[in-house]
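Take a look at the structure below.
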Amino acid sequence: MKILLINPPHAFSPENPMGGAGLAMPPLGLLSIAAFVRREMPGAGLRVLDLPGAGLTPEAFEREVRAFAPDLAGISVYTGTFSASAAAAAAVKKACPGCFVAAGGHHATARPDQCLAAGFDAAVIGEGEITFCELAKRLAAGAAPDGLPGLALKSGVPVSRPEPLDMDALPMPARDLLDMKAYRPALFGYTRLPVMSMVTSRGCPFSCGFCSKEVFGSQYRAQSPERVLEEMRFLAERYGAREISFQDDTFTANLGRVEKLCRLLERNRLDLTWSCMTRVDLVDPELLALMRRAGCVSIAFGIDGPSAEACGAMNKGFDPARARAAVAAARAAGIETRGYYILGYPGETRASLEAALKSMAEIDTDYVFFAFAHPFFGTRLYAEARAKGLLAVSDEELLDSHDNAAPLLEVPGMTRAELVRFAKRAYLRYYLRPASLLRLLRSPRALLLSLRAAFYFLRWY
8 MKILLINPPH AFSPENPMGG AGLAMPPLGL LSIAAFVRRE MPGAGLRVLD
58 LPGAGLTPEA FEREVRAFAP DLAGISVYTG TFSASAAAAA AVKKACPGCF
108 VAAGGHHATA RPDQCLAAGF DAAVIGEGEI TFCELAKRLA AGAAPDGLPG
158 LALKSGVPVS RPEPLDMDAL PMPARDLLDM KAYRPALFGY TRLPVMSMVT
208 SRGCPFSCGF CSKEVFGSQY RAQSPERVLE EMRFLAERYG AREISFQDDT
258 FTANLGRVEK LCRLLERNRL DLTWSCMTRV DLVDPELLAL MRRAGCVSIA
308 FGIDGPSAEA CGAMNKGFDP ARARAAVAAA RAAGIETRGY YILGYPGETR
358 ASLEAALKSM AEIDTDYVFF AFAHPFFGTR LYAEARAKGL LAVSDEELLD
408 SHDNAAPLLE VPGMTRAELV RFAKRAYLRY YLRPASLLRL LRSPRALLLS
458 LRAAFYFLRW Y
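The numbering used here applies: residue 8 is where the sequence shown begins, and numbers increase by one.
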């Protein structure tokens, strides 16, 4: 049994100021599935193709597929890269007509019907490890996949999902199937090289209106602190990692787990720094001080709402005052901060966006990143935008919106081009503030990274 796992191709848009700043992280989701299949099916041949970094032409991709001759292919499908994923599936079918091609990921879970209509043989619903592995076992045995929990087929048979996995029971991602040296960290996302990424939890207990929780659901599950420490040590010893980038959506969702992990790191004295992402209402001064002592050097805060009104519309559950307090506490602890904001959310106007610039400056993260509201299928944002007539593009165009560089929603009183210009001005106004300039002058690293960012910004502008 030969199994090919494919991360779909996508082009970084020249209109996105940060998009070309680096192919940051390997596809850990696919590598986790690969590791699970390898453990459960030791005799299977496995290969992973990460097309965004492979630089393959369509013809070269077909040759690679034909040479490997897979019996089963799994392709990640995201809303913004749907067309590319469908093209990859067609190329696999052309190269190996007998290959069974399954879609997986967020879009496959939210819209399996679209995947099946586009030529996929099946769509994996939710977490992929168990369902994809069972699919491989059935195909290897010559059995039909009908009735397999978590698998949508063209027959239209209703699917139920398998029970969520115990995170500690998962093997470490099969990083050996890709060249880890091919990955470059994103701008501002690190302090030391080499950087390796980890995901230690799944699921999110929060209900932000723009977020798709289709795959991992609302039940938060996490690896034990001991399991996290084990993988951190492995990455340091096997790959020479000096820094870990935790890619969990909300790393501090379980405060007790983070506290225990930090104390383990303090005792074990690994030569590793690390960064994470979290919410501003899930940190406090004591935790931040402990995290810094344990090696945390940078936190990305998903503030998202640039104003109190926007936070309310997004159902964030906090306001800018909470963000100001969290950022100030992180700075006092010696931790670098990055603020992520969403522009053009329903309810925003030209006036509210202009006022939001003042709020962002008061929150005062070291770096800011803007993205335009993206109405993913299956989210409340999509339903609201569709109901209110705010979608500026068709559903078909959403399937090719591979990044957040262009607005997809209408903002009253602003054209989409004006919203793009606003974002450009917002970057300039933020980084040309005296507070930002002073921090750059005090930090050679920050100055160097900012010059790199400026290069991409000028291309965009």
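Here a beta-carbon is modelled for each residue, glycine too, at the ideal position from N, C-alpha and C.
Own chain residues within Cβ distance below 7 angstroms of residue i, not counting five before or after
| i | result |
| --- | --- |
| P156 | T138, V166, S167, R168, P169 |
| C103 | V72, R73, A76, P77 |
| F241 | M179 |
| L4 | Only positions 8 to 468 of the chain appear in the structure, and residue 4 is not among them; the question remains open. |
| L297 | E266, C269 |
| A315 | D326, P327 |
| P6 | Because the chain is modelled from 8 through 468, residue 6 falls outside the range shown and cannot be assessed. |
Cα-Cα separation, residue i to residue j
| i | j | result |
| --- | --- | --- |
| S252 | A148 | 40 angstroms |
| V55 | L184 | 6 angstroms |
| L364 | A433 | 7 angstroms |
| P313 | M367 | 6 angstroms |
| S162 | C106 | 18 angstroms |
| L12 | S443 | 43 angstroms |
| E141 | P15 | 23 angstroms |
| P34 | A189 | 12 angstroms |
| S92 | G126 | 10 angstroms |
| A117 | Y85 | 10 angstroms |
| G309 | G50 | 43 angstroms |
| P119 | P65 | 25 angstroms |
| M203 | A362 | 38 angstroms |
| S450 | D373 | 11 angstroms |
| A358 | G420 | 9 angstroms |
| V334 | L63 | 42 angstroms |
| L448 | R440 | 12 angstroms |
| K431 | R45 | 46 angstroms |
| M205 | D255 | 8 angstroms |
| P414 | E47 | 44 angstroms |
| C318 | K144 | 46 angstroms |
| R249 | E293 | 25 angstroms |
| M8 | G52 | 6 angstroms |
| L397 | A94 | 29 angstroms |
| A176 | L272 | 22 angstroms |
| A424 | D311 | 21 angstroms |
Beta-carbon contacts of residue i that lie in its chain and below 8 angstroms, excluding the five residues immediately before and after
| i | result |
| --- | --- |
| K1 | Any answer about residue 1 is impossible in this case: the structure gives the chain only from 8 up to 468. |
| L268 | P232, V235, L236, A301 |
| S90 | L406, D407 |
| K101 | E69 |
With 16 other Cβ atoms within 10 Å as the buried cut-off, status of residue i
| i | result |
| --- | --- |
| S219 | buried |
| L262 | exposed |
| D173 | exposed |
| L445 | exposed |
| S305 | buried |
| R428 | exposed |
| S208 | buried |
| E403 | exposed |
| D153 | exposed |
| L4 | As shown, the chain starts at 8 and ends at 468. That puts residue 4 outside it, with no answer to give. |
| A336 | buried |
Under 8 angstroms between C-beta atoms of residue i and residue j
| i | j | result |
| --- | --- | --- |
| R199 | T280 | yes |
| A159 | I132 | yes |
| I349 | A380 | yes |
| L406 | V418 | no |
| L277 | A307 | no |
| M321 | G385 | no |
| A110 | A97 | no |
| L416 | A392 | yes |
| I370 | R338 | no |
| Q226 | G210 | yes |
| L289 | T257 | yes |
| P171 | E136 | no |
| G324 | F213 | yes |
Own chain, CB closer than 6 angstroms to residue i, minus 5 neighbours either side, in chain order
| i | result |
| --- | --- |
| V375 | G346, Y437 |
| V265 | T259 |
| A80 | L11, V99, C106, V108 |
| R387 | G216 |
| M187 | Y246 |
| R299 | A340, G341, I342 |
| R329 | V287, D288 |
| I40 | G135, E136, F139 |
| task | Could you pull out every unbroken beta strand (DSSP E) segment of at least 3 residues lying fully inside the segment 333-381, listed in chain order? | result | Every unbroken stretch of the beta strand (DSSP E) spanning 3 or more residues and falling wholly within the segment 333-381 is given here in chain order: 343-350, 374-379.
| query | Which residue spans inside the segment 232-283 form an unbroken beta strand (DSSP E) run of at least 3? | reply | Those beta strand (DSSP E) runs which fall completely within the segment 232-283 and span 3+ residues are 250-253.
| field | Runs of alpha helix (DSSP H) wholly within the segment 88-169 (minimum 4 residues, chain order) | value | Within the segment 88-169, the complete alpha helix (DSSP H) runs of at least 4 residues are 89-102, 113-117, 119-124, 136-147.
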